[in-house]
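Each residue of the sequence shown is one higher than the last, beginning at 3 in our numbering.
No residue lacks a Cβ here, since even glycine has one placed at the ideal position from N, Cα and C.
Since the structure is predicted, the reported quantities are computational estimates derived from the model, not experimental observations.
Below is one structure; the comments refer to it alone.
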Amino acid sequence: MFVAAGGTGSGTKAKPTGSLADALAAVPSNKAVYICGTDTFSGTFALAGGRSVFGGLACDDWSYDQASRPKLRGIADAPTLTVSGAGSTKIEDVLIENPSAIAAGASSIGVIITTASVDIARSEITAGDGAAGIPGAVIAGAGGGGSTGNNGLPGCGSASSVVGGDVQTAACGPNTTTGGNGGLGTVAAGGDGSDGSSDPRVASPANNNGTGHVGATVCTFGGAGGSGGPALSATPAMGIGDVTEAGFSGVAGLPGGGSGLPGQGGGGGGGARGAVACINPAFAGPSGGGGGSGGCGGAPGNAGGAGGSSIAVVILNANVVLEAVAIVAGVGGDGGAGGDGQPGGFGGGPGSAGASGACGGGPGGPGGRGGSGGGGVGVGGHSVGIAFKGEAPSQTQVTATPQTGGGGGIGGDGNVAASGGNGLACKSLDFVTGASSCEI
3 MFVAAGGTGS GTKAKPTGSL ADALAAVPSN KAVYICGTDT FSGTFALAGG RSVFGGLACD
63 DWSYDQASRP KLRGIADAPT LTVSGAGSTK IEDVLIENPS AIAAGASSIG VIITTASVDI
123 ARSEITAGDG AAGIPGAVIA GAGGGGSTGN NGLPGCGSAS SVVGGDVQTA ACGPNTTTGG
183 NGGLGTVAAG GDGSDGSSDP RVASPANNNG TGHVGATVCT FGGAGGSGGP ALSATPAMGI
243 GDVTEAGFSG VAGLPGGGSG LPGQGGGGGG GARGAVACIN PAFAGPSGGG GGSGGCGGAP
303 GNAGGAGGSS IAVVILNANV VLEAVAIVAG VGGDGGAGGD GQPGGFGGGP GSAGASGACG
363 GGPGGPGGRG GSGGGGVGVG GHSVGIAFKG EAPSQTQVTA TPQTGGGGGI GGDGNVAASG
423 GNGLACKSLD FVTGASSCEI
């Protein structure tokens with residue numbers, strides 16, 4: 003099959019076709035596609051094993067002309083040329099170029115060779131830059147808010163005891179947060195409120211309950227609940243990613259280490275004694291208000307995505323010989339930053355005292371912030387001349403020039419400890435044995 007830019011024929015030497023993609027698809031096994039001139043052919047191209055591609059040809063008489071090297075220029079986010087299948091394949095005197103990636107985390111790859119026997123000579127293969135990974139998605143709002151404490155009862159009726167504002171409990175996933183009971187209203191002495199409670203990992207203030215009215219000592223209000231602690235941040239992701247027929251897949255960061263802890267519930271307020279609160283001292287006084295429940299913790303931050311790689315040549319279990327080939331990789335894409343942990347919810351408000359003389363409950367404590375998300379690990383942004391699995395290619399007069407790997411994504415909430423590592427810059431990298439095989 004013969005190809006010349008602008009050709010309208012069927013692909014013979016006398017009537018070349020202008021479509022390189024069609025010629026590659028139509029050429030029989032053990033035959034070749036011949037391209038004349040220095041024109042650029044844009045698109046994605048597939049070559050089956052056992053077929054060859056030759057440039058370096060003059061368009062007037064199809065004689066060999068080393069200066070006439072055509073260019074195969076790919077489109078963003080897809081390899082320019084793929085070669086796969088059994089049979090002997092030669093690629094000579096061509097320029098293969100892939101533009102910089104555009105989609106978040108996408109890679110720029112010049113050639114992918116899979117389970118084939120390929121000789122490449124007197125050619126150049128260039129990859130553009132990898133694209134940065136996508137940042138962890140922002141979580142709107144905050145954790146669930148606490149519930150307002152229950153009010154105390156008025157008292158001063160015919161009862162000898164009046165119950166305080168009941169406990170107020172909020173469920174926060176597997177955890178709960180509870181406001182304290184209001185203190186009893188009694189005849190002789192007001193009862194104490196109870197402490198608010200929460201997850202045992204919350205550093206609850208000691209004795210945040212209010213005390214009852216006893217003798218000349220008036221009641222006290224319930225204390226505010228303690229704040230819930232933040233969850234653990236993400237641990238940095240590990241690994242160098244993978245290369246397959248579909249291209250490169252990086253290692254994304256990890257989400258934060260869980261939701262924040264709920265806040266402690268507010269303490270219950272103290273009750274009053276009827277002897278001072280009521281006209282008839284034989285009746286119980288008003289009771290204390292209940293404490294508000296704590297706020298729920300925020301959700302964990304989302305992970306940052308891996309950065310895309312720049313890889314000029316990917317070889318997957320293939321027999322490849324490179325001779326007089328210039329290979330250039332671009333810059334690896336940065337990993338995406340991890341998302342911030344969601345703020346915790348506000349604590350619930352205090353319950354009111356049943357009447358004058360008793361005391362209200364305390365407000366619930368705010369929930370803790372969710373764990374910050376991990377940054378997209380920078381190994382998602384390699385700059386590699388030749389990436390391979392299986393047998394390394396044979397090389398003669400080959401130059402492979404990487405640039406720099408992408409930076410690791412910063413952990414959410416500015417947490418450097420959760421950040422990803424930097425990408426690699428390698429002339430060649432064996433994806434089976436790992437980073438230790440990086441040839442620099």
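Taking the beta carbon of Q399 as the centre, do at least 16 other beta carbons fall within 10 Å, making it buried, or is it exposed? exposed
Which of helix, strand or coil DSSP assigns to V189: coil
What's the gap between the Cα of G87 and the Cα of V120? 10 Å
With DSSP as the reference, please indicate the residues paired to R71 in a beta bridge. Answer by DSSP bridge pairing: none, since R71 is not bridged.
Do the stretch 45-53 and the stretch 26-36 touch if we need at least three Cβ pairs shorter than 8 Å? yes
Sheet register partners of S318 (DSSP bridge): The question names Ser, yet the displayed sequence has Leu at residue 318. Paired residues: T116 and K391.
Residues in the same chain with beta-carbon distance under 7 Å from Y66, minus the five sequence neighbours each way, listed in chain order, please. G58 and L59
Which residues does DSSP list as the beta-bridge partners of E325? A123 and T398
Should G255 and G13 be called a contact, given that it needs their Cβ atoms to be closer than 7 Å? no
Once DSSP output is grouped into helix, strand and coil, what is the label at A308? coil
Cα-Cα, which of G224, N304 and P72 is closest to A6? P72
Nearest-angstrom Cα distance between G310 and C428? 15 Å
Is it right to say S235 is buried, meaning 16 or more other beta carbons lie within 10 angstroms of its own, or is it exposed? buried
Using a Cβ-Cβ cutoff of less than 7 Å, which residues in the same chain neighbour T435 once the five nearest sequence positions on both sides are dropped? none
Taking the alpha-carbon positions, what's the C280 to G151 distance? 24 Å
So A106 and G135 are supposed to be a Cβ contact under 8 Å. How far apart are they, rounded? 6 Å
Going by C-alpha to C-alpha distance, which of G337, I115, S312 and G268 sits closest to G167? G268
When you compare only the Cα positions, how much space is there between N153 and G225? 15 Å
Limits of the unbroken alpha helix (DSSP H) element including L22: L22 to A28
On the DSSP letters alone, give me the boundaries of the alpha helix (DSSP H) that A277 sits inside. G276 to A279
Do E94 and A123 have their beta-carbon atoms positioned less than 7 Å apart in this structure? yes
Taking just the CA atoms, how far does T179 sit from V220? 28 Å
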